[in-house]
Amino acid sequence: MSYQFIKYEASGGIARVTLNRPEKLNALSQQLQSELIECLTNADEDPEIRVITLRGAGRAFCAGYDITPPQSDEDRETTEARRGNIRSDMQRLQKTARLMTSIFDLSKPVIAGIHGHVIAGGTDLALHCDIIIAAEDANIGFPPVRSMGTPPTHMWTYMVGPQWAKWFMLTGETVSGKEASDIGLVWKSVPAEGL
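If you number the sequence shown the way this note's numbering does, the last residue is 741 and the count never jumps.
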């Protein structure tokens, strides 16, 4: 399997999937989301694989959804054609929902090893995994709620209960990996070098 924004290695029954856009802090572009869905599905269908691990290259697990302005003329034209188009907005949201639900649909467990920034869409991705192990100094949260309001995500409530979920979604505050472990947002935290 060959991808532009995913590194994939398999050995000993373990599929190691790494988000590989370190220069963008592994922000979830449309292409990265498509590649990740394909990669996870292929790993799940491989009879040699028993477990899937998910990591991020560089200094962040994932800093959220990619909101970078279009760089090429083609991208700008596509973006302009979509402006104000509810159908294209719906298609992008459906693609993101497919990514998140595809993790739930896998028959093999997915273990996320998170470090650095785990923000907004990065938390969506991590919280859909079966087990999360965090670097103690990870920075986890959904700060964009301060400007955009609460997102359509249910995993916070599922992981930490309604009181903590409301606190995160109403304040936009972040917690460290150690604090996330203390409140049950992640299974455990470890020193970054042990992740």
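From the three backbone atoms N, C-alpha and C, an ideal C-beta is built for every residue, glycine too.
Assignment of L565 by DSSP, reduced to helix, strand and coil, places it in the strand class. F714 counts as buried, since at least 16 other C-beta atoms from the protein chains shown sit within 10 angstroms of its C-beta.
Setting aside the 5 residues that flank it on each side, T696 is surrounded in the same chain by M715 and L716, each with a C-beta closer than 8 Å to its C-beta; the list follows chain order. A residue is called buried once 16 or more other Cβ atoms fall within 10 Å of its Cβ, and E719, having fewer, is exposed. When DSSP states are grouped into helix, strand and coil, N572 belongs to the coil group. In the DSSP annotation of this structure, the continuous segment of the beta strand (DSSP E) that includes Y554 starts and ends at I552 to S557. Your pair E581 and F551 checks out as a contact, with CB atoms roughly 6 Å apart and the cut at 8 Å.
The beta carbon of F650 sits closer than 7 Å to the beta carbons of H674 from its chain, once the five residues preceding and following it are set aside; these are given in chain order.
In this structure, the straight-line span from the alpha carbon of G730 to that of G659 is close to 15 Å. In this chain, A666 is not harboured by any beta strand (DSSP E), its DSSP state being neither H nor E. Taken through DSSP and simplified to helix, strand or coil, S722 comes out as strand. By the Cβ-count criterion, A573 is buried, with 16 or more other Cβ atoms from all chains shown falling within 10 Å of its own Cβ.
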